[in-house]
Structures are given as structure tokens and as C-alpha cells.
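Participant: Mapped onto our numbering, the consecutive letters of the sequence shown carry residue numbers 10 to 275. Note that the Cβ used here is the ideal one computed from N, Cα and C, for glycine as well. Note that the coordinates shown come from a computational prediction; the quantities given were computed from them, not determined experimentally.
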Amino acid sequence: MNIGFIGTGNMAGAMVAGLKHTHPDWHVHGYNRSQEKLLDLQNRYGLEPADSLPELAAVSDYLIVAVKPQGYDAMLAQLRPLLLPRHVVVTVAVGYGIERVQRNAGEHVKVVRSMPNTPAQIGAGMSALCASDNVSEAERAVAKSIFESFGRAVFIDESQFDIFSAVAGSLPAYVCVIIEALADAAVQHGMPRQQAYGVISQAVMGSAQLVRDSGRHPAELKDQVCSPGGTTIAAIAALEAGGLRSTLIEAVGACVVRTKELSGQK
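Here you go:
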């Protein structure tokens with residue numbers, strides 16, 4: 010299998026690392042205007058650099074467009090005359106739908122739209138995928154395997170991408186704000202900051218894994234910790250009084266609205 014990356018920033022680097030670890034027999038190629046970034050990924054993971062976009066397209070089956078969103082239209086226009094029936098174009102841009110890709114790269118181009126998140130950098134990403142109708146089941150399986158090399162991946166309907174972006178793509182930022190606030194509270198009550206970060210991040214990770222793996226409702230798991238008249242229920246009451254639940258719902262709504270604005274949706 011030959012995978013080509015157009016752009017080699019942080020997300021592309023995480024994907025390359027996962028692919029070379031999970032599929033050492035696959036050929037992973039890259040093209041970037043910055044030779045320094047290409048050489049870094051070549052030295053660290055064995056990325057095979059291409060000197061030009063035509064060279065990358067010639068040696069690749071899947072072309073992962075990992076440039077900044079504002080450069081997508083121009084990049085796809087450059088790709089358009091290079092694309093062959095075997096090529097699958099994979100996007101990683103927020104708000105950039107399949108129809109827009111085909112409008113710029115060709116209406117018959119095979120497209121897989123993706124939305125990974127930043128924990129991909131440590132092999133713990135959560136990615137959403139959808140595909141144009143002309144992408145075969147075998148091609149979808151390869152695309153899913155690419156994203157499962159650095160975490161978990163799921164195919165969803167394209168209409169769900171904005172909400173996925175809001176609850177999973179942006180989630181690392183929400184969680185980091187919560188961790189930072191809890192650490193401030195811990196410091197206020199005498200715990201050293203670095204120790205607080207370690208304790209809280211492990212507790213967050215374990216709690217999330219418990220929800221994911223137990224199959225039990227989050228409210229049931231919350232109730233396990235809340236003894237009658239106890240300390241945790243007092244904390245929950247304070248969170249409810251402060252509007253944490255409604256604020257999170259509003260934050261997701263604001264994220265969805267902004268995503269639609271960026272993608273040109275009304």
C-alpha cells in the first residue's frame with residue numbers, strides 16, 4: 010500500500026508515526042514545501058520524501074491532504090490533473106465536505122472525509138470518517154485502517170460531522186480547561202501543581218475509560234461515587250449551581266455554529 014501526505018505538520022506527523030508502527034510494510038510518502046519537516050519525518054519514521062506534487066501522486070494510492078484549511082481549494086486544483094481512478098483523496102480539514110472536494114478536484118474523484126483529534130499524537134486519537142459513494146468497501150477498510158493506526162475510527166454520516174467536530178474534535182481543549190481549573194483548585198488547597206496535573210489527568214483518563222469500557226450509563230457511574238450526605242454530592246451540587254452542564258451544552262452549540270460558518274453553511 011502507498012500512502013502519500015501533502016503537508017507534514019503535527020497531525021500528519023502523528024499519522025505517519027502510527028502508520029509506520031502499525032503497517033511497517035506500507036510505503037508512506039510525503040511532499041511539503043519545507044524540506045526540514047520532510048527530513049525530520051524521514052529520519053524519525055522512514056517517510057519517503059517526494060520532490061514534487063506530481064511525483065507524490067505518481068507513487069501514491071491514497072493522498073492525504075494535510076495542509077491548512079485556507080490552502081485546500083488551491084491544493085485540490087493543483088491535484089486535479091494528477092488524479093487517476095486508483096486515487097483516494099483523504100481530507101483532514103474542519104468543515105470541508107465531500108461535495109467541495111469534488112467541486113475543486115473533479116466530480117468523479119473518490120473522497121474520504123476525516124476528522125481526527127490531537128490525542129492522535131500519542132496514539133489515542135478518535136477519528137470520524139465518511140466517504141463518497143464511489144469509494145469501495147475495500148477502500149473504506151484501508152482508510153479506516155489508516156486512522157486506527159493512531160487510535161480509534163468510526164464511519165458516520167456526513168451530516169454528523171459538525172457535531173462530531175464539536176464533541177470530539179474540540180474535546181481536548183475542553184478537557185484541558187477542566188484539568189487546568191481543577192489543578193488551580195488543588196494548588197489553592199496545598200498540592201504542588203505538577204503533582205496535581207499528574208493526579209487529575211490520570212483520574213480523567215481512568216474515568217473516561219470506565220465509561221467507554223463498562224457499557225454503563227454515566228449517571229449510574231456518577232451515582233456510585235455520590236454517597237448520601239457525602240462530599241462528592243456536595244461538589245456535584247456546586248457544579249449544577251454553577252451551570253456546568255448547561256455551559257458545556259452551550260459550548261458545543263457555539264462550536265457547531267462556528268463550524269457551519271467556516272464551511273459556508275447557513
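1) Specify the secondary structure class of S272 as computed by DSSP and reduced to three states.
2) For L72, write down the residues that DSSP places opposite it in a beta bridge.
3) Less than 8 Å between the CB atoms is what I'm expecting for L138 and F156, so what's the real figure, rounded?
4) Identify whether K77 lies in helix, strand or coil by the three-state DSSP scheme.
5) CB-CB under 7 Å to A194, same chain, minus the five flanking residues each way: which ones, in chain order?
6) Using the C-alpha atoms, what's the distance from L248 back to I107?
7) If you drop the 5 nearest sequence neighbours on each side, which residues of the same chain put their C-beta closer than 8 Å to that of I209?
8) Are the Cβ atoms of L257 and G104 separated by less than 7 Å?
9) So who's on the other strand from P90, going by DSSP bridges?
10) Which residue from V121, N113, G262, L93 puts its Cα closest to that of I73?
11) Considering just the uninterrupted stretch of the beta strand (DSSP E) at L138, what are its terminal residues?
12) Among residues of its own chain, excluding the 5 on either side of N41, which ones have a beta-carbon nearer than 7 Å to its beta-carbon?
13) Write down the C-beta distance between L91 and P63 rounded to the nearest angstrom, noting that I regard them as a contact closer than 8 Å.
14) If you check the beta carbons only, do M135 and A177 fall under 7 Å apart?
15) How is G238 classed by DSSP in three states: helix, strand or coil?
16) For D82 and R89, I'd like the C-alpha separation in whole angstroms.
17) Going by C-alpha to C-alpha distance, which of V184, S223, L219 sits closest to Y206?
18) Per DSSP, what kind of secondary structure is H30 in: helix, strand or coil?
19) Give every residue of the same chain whose Cβ lies closer than 7 Å to the Cβ of V110, excluding the five residues on either side of it in the sequence, and list them in chain order.
20) Anyone know if the C-beta pair for H38 and A59 falls short of 7 Å?
21) Given that a residue counts as buried once 16 or more other Cβ atoms are within 10 Å of its Cβ, and exposed if not, what is F164?
22) Going along the chain, which residues of its own chain have a beta-carbon closer than 6 Å to the beta-carbon of N143, five neighbours each way excluded?
23) In the structure shown, what three-state DSSP assignment does P201 receive?
Facilitator: In brief:
1) coil
2) G13, V98
3) 6 Å
4) coil
5) none
6) 40 Å
7) I188, L191, A192, A195
8) no
9) DSSP lists no partner for P90.
10) V121
11) 134 to 140
12) G16, T17, L47
13) 6 Å
14) yes
15) coil
16) 11 Å
17) V184
18) helix
19) L85, V98, T100, V118, V120
20) yes
21) exposed
22) K119
23) coil
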